[in-house]
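J.:
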Amino acid sequence: MSAARPRLLYVTDLAYRARGRRYCDEDIFLTSRLRARFDLALCHPLDAGALMDGFDAVVVRNSGPVLGHQSAYDAFRAQALATGARVYNPLTGKADMAGKQYLLDLSAAGFPVIPTVGSAEELHRLPSAERYVVKPKLGADSVGLRIVPAGQVAAAVTAAGGEVLIQPCVDFVHEVSFYFVDDDFQYALYAPDPERRWELRPHAATAADLEFARRFIDWNDLGHGIQRVDACRTRDGGLLLVELEDLNPYLSLEALAEEARDAFVTAFTASLSRFAHGAALNPA
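Okay, so the sequence shown: first residue is 887 according to the numbering used here, each after it adds one.
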């Protein structure tokens, strides 16, 4: 490996269409900036396994939900673990990278998450609600998500035909996301209109907000990489975790001012440089 110019394989699906987001714009922007420090090649997620040899690190970015190419992703993951390939984010993530089991585990452990159970028989463990969210345990981008009256939960679970998550339909003020590179907070964005999740504005995170978000970053103990902590603001002003995205979180960089985007790129570039060179994360 050249100490001056690490070689990165940047995994992205530039043609993927996501509701309310243009993945391709974000990765075109990021790779245009990363080329100043790295020798860079882009590839589709279906090609990553065949191409990753000879690169100092593989960066998995806006590659779309792995559900669309689950077998290829599983093969890529197994190959990377077997060969010791350096994958960013590291494949040790315990959150969305490993499925949605963590929501059940964190809920049972008393973390501030939307209360979650995995079967209709456990409905009594949730706060009473008029409506409930039923969604696949292996899901992404709200695919398969249903909101049903309390009396129809069991039928919705049966119709789902697989493992599910069940949550009360929370009456929240807005959703807010906190973005981290390694263990360092970068920025926060919120959606003022609950019906328009991806129309985001900058959010001035409070000390309490950051304490909430860092609790999940600490729990995941990822070391390197980009993580997005998604939460909902309840009517009493508190926060509940919606999800912890630790595989390929969309960054909504278009919602940031130029100075904030530049600061993120600087942090991302420094993190990738440390990671490609095999350096350990500096303790906070």
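Idealized CB from N, CA, C, for every residue including glycine. If you're wondering where the values come from, they're calculated on a predicted model, not measured in any experiment.
(1) Would you decide whether Pro1080 is buried or exposed? Buried here means 16 or more other CB atoms lie within 10 Å of its CB.
(2) Does DSSP put Ala1091 in a helix, in a strand, or in coil?
(3) Residues in the same chain with beta-carbon distance under 7 Å from Gly941, minus the five sequence neighbours each way, listed in chain order, please.
(4) For the putative contact between Ala1089 and Ala1099, defined by C-beta atoms under 8 Å, what is the C-beta separation to the nearest angstrom?
(5) What is the DSSP secondary structure of Cys1055, counted as helix, strand or coil?
(6) Quick check on Pro1135: does DSSP put it in helix, strand or coil?
(7) Quick one: Cα of Val854 to Cα of Leu928, how far?
(8) Any heavy atom of the ligand MN closer than 6 Å to the CB of Tyr902?
(9) Suppose you measure from the CA of Ser1063 to the CA of Thr969; what does that come to, to the nearest Å?
(10) Take Val1128 and list the residues in its own chain whose beta-carbon comes closer than 7 Å to its own, dropping the five residues that flank it on each side.
(11) Consult DSSP for Ala1006 and reduce its assignment to one of helix, strand or coil.
T.: If we stick to the structure as given:
(1) Counting the other CB atoms within 10 Å of its CB gives Pro1080 a total below 16, which places it among the exposed residues.
(2) Coil at Ala1091, not helix or strand.
(3) One detail in the question is off: residue 941 reads as Phe in this sequence, not Gly. Hits under 7 Å: Arg893, Leu894 and Leu895.
(4) Residue 1089 is actually His in this sequence, not Ala. Actually they do not touch by this definition, with Cβ atoms about 11 Å apart.
(5) Here Cys1055 sits in coil by DSSP.
(6) DSSP, read as helix, strand or coil, puts Pro1135 in coil.
(7) Since the displayed the chain opens at 887 and closes at 1170, residue 854 lies outside it and no answer follows.
(8) As presented, the structure is devoid of all ligands, the ligand MN included, so that no description of it is given.
(9) Taking the straight line from one Cα to the other gives about 34 Å.
(10) Cβ within range, chain order: Ile1000, Glu1061, Asp1116, Ala1117 and Cys1118.
(11) The DSSP-derived three-state label of Ala1006 is helix.
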